[in-house]
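Novice:
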Amino acid sequence: DSGVTQTPKHLITATGQRVTLRCSPRSGDLSVYWYQQSLDQGLQFLIQYYNGEERAKGNILERFSAQQFPDLHSELNLSSLELGDSALYFCASSVVGGQGYETQYFGPGTRLLVL
Amino acid sequence: AQKVTQAQTEISVVEKEDVTLDCVYETRDTTYYLFWYKQPPSGELVFLIRRNSFDEQNEISGRYSWNFQKSTSSFNFTITASQVVDSAVYFCALSIIQGAQKLVFGQGTRLTINP
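Next comes the structure, spelled out in structure tokens:
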């Protein structure tokens, strides 16, 4: 158990809908990362938040947005869903802010199926 | 830009055989980190090892060992005396220290250990 929690574990929805994925980082971690794992694109970085502020963006669609709340949990919002958004969405957390680099620890993922 | 290549898409061996998973990376940065993650059939991503670009010492942890060679930009992973529980998809990843500390993943190698 990495200490990172994600809910829900599975999500089935229809095209055009909007969903929210939730992530709670490990205790003490300030940074949250979101990744998407799909069959055709592999594991891709979406976005990073550090202590409530957006730190970096990757290949995140405009239909997707995220935020990190004062209690450091994060939510990834996916809207106007398309069939191609079906994927496994991972959240990872790390301390960030100390010296050097800290390892990212991953949550169990949310499996999204868009029908 | 950074890139990670895992040329072996799938490997299948019989239990107790040794197996090596290859990883080749590309980056122009002189300071970076390399990682291996394991994704068992249950789907979560499990951190195995982190190595920084200044440390070319090989590492051994039980049946696992890692060979980092900067001269060939490779970071290979060997499992000795493989077991059925080692069956998983293994990902090699790279992260630079400057800017967004996102992970760039290879496509993964699916390892099947047959009894």
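Protein chains in written order, with this note's numbering: chain C, 4 to 118; chain A, 46 to 160.
Just so it is clear, CB atoms sit at the ideal spot from N, CA and C, and this is done for glycine as well.
Which residues in the same chain have their Cβ closer than 7 Å to the Cβ of proline 11(C), if we skip the five residues on either side of it in sequence?
Specialist: Within the first sequence, numbered from 1, the residue matching residue 11(C) stands at position 8. Counting only Cβ-Cβ distances below 7 Å, and skipping sequence neighbours, we find Thr113.
Novice: List the residues of chain A that tyrosine 108(C) touches, going by C-beta distances under 8 Å, in chain order.
Specialist: Your numbering for residue 108(C) matches position 105 in the first sequence. Ordered by position in chain A, the residues that pass the 8 Å Cβ test against tyrosine 108(C) are Phe92.
Novice: Could you tell me the alpha carbon to alpha carbon distance between alanine 46(A) and isoleucine 94(A), rounded to whole angstroms?
Specialist: Here residue 46(A) refers to the residue found at position 1 when the second sequence is read from its first residue. Here residue 94(A) refers to the residue found at position 49 when the second sequence is read from its first residue. Going by the C-alpha atoms only, they are around 23 Å apart.
Novice: How many Å lie between tyrosine 36(C) and leucine 86(C) at the Cα?
Specialist: On the first sequence, residue 36(C) is found 33 positions in, with the first residue counted as 1. On the first sequence, residue 86(C) is found 83 positions in, with the first residue counted as 1. Looking at the two C-alpha atoms, the distance is approximately 23 Å.
Novice: Could you tell me whether the Cβ atoms of cysteine 137(A) and phenylalanine 113(A) are closer together than 8 Å?
Specialist: In the second sequence, the residue the question calls residue 137(A) occupies position 92. In the second sequence, the residue the question calls residue 113(A) occupies position 68. Contact check for cysteine 137(A) against phenylalanine 113(A) fails: the beta carbons are separated by 8 Å or more.
Novice: Going by other Cβ atoms of all chains shown within 10 Å of its Cβ, with 16 needed for buried, is phenylalanine 150(A) buried or exposed?
Specialist: Here residue 150(A) refers to the residue found at position 105 of the second sequence. Buried, by the Cβ-count rule.
Novice: For valine 59(A), I'd like the list of residues in its chain whose CB is within less than 6 Å of its CB, leaving aside the five on either flank, ordered along the chain.
Specialist: Mapped onto the second sequence, residue 59(A) falls at position 14. Around valine 59(A), the same chain offers Asn159 as residues with beta carbons nearer than 6 Å, after the five sequence neighbours per side are excluded.
Novice: Using only the alpha-carbon positions, how far apart do glutamine 50(C) and glycine 61(C) sit?
Specialist: For the purposes of this step, residue 50(C) is taken as residue 47 along the first sequence, with counting starting at 1. For the purposes of this step, residue 61(C) is taken as residue 58 along the first sequence, with counting starting at 1. Here residue 50(C) turns out to be isoleucine, not glutamine, going by the sequence shown. Computed Cα separation, rounded: 6 Å.
Novice: Since I believe threonine 18(C) is in contact with glutamate 78(C) (beta carbons under 8 Å), could you give me their beta-carbon distance rounded to a whole number of angstroms?
Specialist: Numbered from 1 along the first sequence, position 75 holds the residue referred to as residue 78(C). Numbered from 1 along the first sequence, position 15 holds the residue referred to as residue 18(C). Not a contact, Cβ separation roughly 21 Å.
Novice: Does the beta carbon of glutamine 152(A) come closer than 8 Å to any beta carbon on chain E?
Specialist: Annotation note: the requested chain E is absent from the structure, which comprises protein chains C and A.
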